[in-house]
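Engineer:
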Amino acid sequence: MQRTDRLIRLTQILLERPGHPVSLAHLAEAWGVAKSTLSEDVASIRRTLLEAGKGTVETLVGVQGGVRYHADVPTAEREGFLADLAKRLSGPERVLPGGFVYMSDVLGNPYVLDAVGRMFSTQFWSKRVNVVVTVETKGITLATATARHLDVPIAIVRRDQRVTEGAAISTHYVSGSNRRIQTMSLGKRAMPADARALIVDDFMRAGATARAVVDLLKEFAAEVVGTAVFMATSQPAEKMVDNYFSLLRVHEVSAQGADVQPASFADNS
1 MQRTDRLIRL TQILLERPGH PVSLAHLAEA WGVAKSTLSE DVASIRRTLL EAGKGTVETL
61 VGVQGGVRYH ADVPTAEREG FLADLAKRLS GPERVLPGGF VYMSDVLGNP YVLDAVGRMF
121 STQFWSKRVN VVVTVETKGI TLATATARHL DVPIAIVRRD QRVTEGAAIS THYVSGSNRR
181 IQTMSLGKRA MPADARALIV DDFMRAGATA RAVVDLLKEF AAEVVGTAVF MATSQPAEKM
241 VDNYFSLLRV HEVSAQGADV QPASFADNS
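full-length UniProt numbering numbers the first residue of the sequence shown as 1 and each following residue consecutively.
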């Protein structure tokens, strides 16, 4: 196999499954090349990705040896992407009763979901997340995209306990939007041992739902390493959860439209 072909195929393998370990020993055997040759190829790919701001390739220490790709989004690309989303979500046609912003069509776009998943994974990669947790139903697509880039499973908290989930643990909480007592449950088999969970959702106002998920995960002895949301309101400034990260902030909603802005890192707690 020519070097150009190897570089293309190896890059494709890394990009198609970010966060997943790739054994150079196995590839060397399958492709009939020396492992040291593949290591040189990896060095070239690593350098190219770093220069482009697209992420990095980590070398894994072990008997088999290997590498894995951590995705990133260049600063200029991220800023342009979020500015475009903020503009799209600010129109008066987006305003829903109760001061909500309609964004289902935006979060139904696979490109948007993949980009958001990359940004969330970049923010929390160092936290050693081993499961992404979300509440049905709107957060599922965002959580799935994030879990793909972190190469971890997803656990879905249900509003109603389902027979197909097996034995589950349930909790009651007061909804922040309508002040009603609601129930959520999570199957006991959904969480890995020694879980380090990242909560992912589409929207946060006061953080009551996220707080309820945190409390539910305590029943699993899980450690919540953070909460990632697509959009959060600027008020109330103090949320019911710590260590949350949002990509967009909505500052005001009126009949004339919503004031949606990209969230700076200083905005996040």
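We put the beta carbon where it would ideally sit given N, CA and C, even for glycine.
Going by DSSP, what residue range makes up the beta strand (DSSP E) through Thr-56?
Structural biologist: Taking the first residue of the sequence shown as 1, we reach residue 56 at position 56. Taken as a continuous stretch (DSSP letters only), the beta strand (DSSP E) holding Thr-56 covers 55 to 60.
Engineer: Using C-beta distances below 8 Å, list every residue in its chain close to Lys-188, excluding the 5 sequence neighbours before and after it, in chain order.
Structural biologist: The residue labelled residue 188 in the question sits at position 188 within the sequence shown. Closer than 8 Å at Cβ, skipping near neighbours: Gly-166, Ala-167, Ala-168, Ile-169, Phe-220.
Engineer: What does the alpha-carbon distance come out to for the pair Asp-194 and Lys-218?
Structural biologist: Residue mapping note: residue 194 aligns to position 194 of the sequence shown, counting from 1. Residue mapping note: residue 218 aligns to position 218 of the sequence shown, counting from 1. Roughly 12 Å between the two C-alpha positions.
Engineer: What is the rounded straight-line gap between the Cα of Arg-68 and the Cα of Val-133?
Structural biologist: For the purposes of this step, residue 68 is taken as the residue at position 68 of the sequence shown. For the purposes of this step, residue 133 is taken as the residue at position 133 of the sequence shown. So the two alpha carbons sit approximately 23 Å from each other.
Engineer: Relative to the C-alpha of Ala-160, which candidate in His-149, Arg-148, Ser-185, Thr-144 has its C-alpha closest?
Structural biologist: Here residue 160 is taken as the residue at index 160 of the sequence shown, counted from 1. One point to set straight first is that residue 160 is Asp, not Ala, in the sequence displayed. That would be Ser-185, whose Cα lies nearest to the Cα of Asp-160.
Engineer: Buried or exposed for Met-191, please, with buried defined as at least 16 other CB atoms from any protein chain shown within 10 angstroms of its CB.
Structural biologist: The sequence position of residue 191 within the sequence shown is 191, counting from 1. Buried, because 16 or more other Cβ atoms sit within 10 Å of the Cβ of Met-191.
Engineer: Can you check whether the CB of Val-157 is closer than 9 Å to the CB of Leu-216?
Structural biologist: Looking up residue 216 in the sequence shown gives position 216. Looking up residue 157 in the sequence shown gives position 157. Yes, these two residues count as a Cβ contact at 9 Å.
Engineer: Less than 9 Å separating the beta-carbons of Thr-141 and Leu-96?
Structural biologist: Translated into the one-based positions of the sequence shown, residue 141 becomes position 141. Translated into the one-based positions of the sequence shown, residue 96 becomes position 96. No.
Engineer: Suppose contacts are defined by Cβ-Cβ distances below 9 Å. Is Val-146 in contact with Val-61 by that definition?
Structural biologist: Against the sequence shown, residue 146 aligns to sequence position 146. Against the sequence shown, residue 61 aligns to sequence position 61. One detail in the question is off: residue 146 reads as Thr in this sequence, not Val. No.
Engineer: To the nearest angstrom, report how far apart Asp-202 and Ser-126 are at their CA atoms.
Structural biologist: For the purposes of this step, residue 202 is taken as residue 202 along the sequence shown, with counting starting at 1. For the purposes of this step, residue 126 is taken as residue 126 along the sequence shown, with counting starting at 1. So the two alpha carbons sit approximately 22 Å from each other.
Engineer: Could you tell me which whole alpha helix (DSSP H) segments of length 4 or greater appear in the UniProt domain "Phosphoribosyltransferase" (113 to 250)?
Structural biologist: Runs found: 140 to 150, 208 to 218.
Engineer: Alpha carbon to alpha carbon, how far is Thr-56 from Gly-226? Give it in angstroms, no decimals.
Structural biologist: Along the sequence shown, read from residue 1 onward, the residue named residue 226 stands at position 226. Along the sequence shown, read from residue 1 onward, the residue named residue 56 stands at position 56. Each residue's Cα considered, the two are about 23 Å apart.
Engineer: Give the range of the beta strand (DSSP E) segment to which His-70 is assigned.
Structural biologist: For the purposes of this step, residue 70 is taken as residue 70 along the sequence shown, with counting starting at 1. 66 to 71 is the extent of the beta strand (DSSP E) around His-70.
Engineer: Determine, using beta carbons only, whether Ile-13 and Val-22 come nearer to each other than 9 Å.
Structural biologist: Residue numbering aside, residue 13 sits at position 13 when the sequence shown is read from its first letter. Residue numbering aside, residue 22 sits at position 22 when the sequence shown is read from its first letter. Yes, the Cβ-Cβ distance between Ile-13 and Val-22 is below 9 Å.
Engineer: What separation, rounded to the nearest whole angstrom, lies between the Cα atoms of Phe-120 and Pro-92?
Structural biologist: Counting from 1 along the sequence shown, the entry for residue 120 is found at position 120. Counting from 1 along the sequence shown, the entry for residue 92 is found at position 92. When rounded, the distance between both Cα atoms is 28 Å.
Engineer: For Ala-255, which of helix, strand or coil comes out of DSSP?
Structural biologist: Walking along the sequence shown from the start, residue 255 turns up at place 255. In this structure, Ala-255 counts as coil in the three-state DSSP scheme.
Engineer: Pick from Asp-151, Val-241, Asp-5: whose alpha carbon is nearest that of Val-224?
Structural biologist: Counting from 1 along the sequence shown, the entry for residue 224 is found at position 224. Of the listed residues, the one whose Cα sits closest to Val-224 is Val-241.
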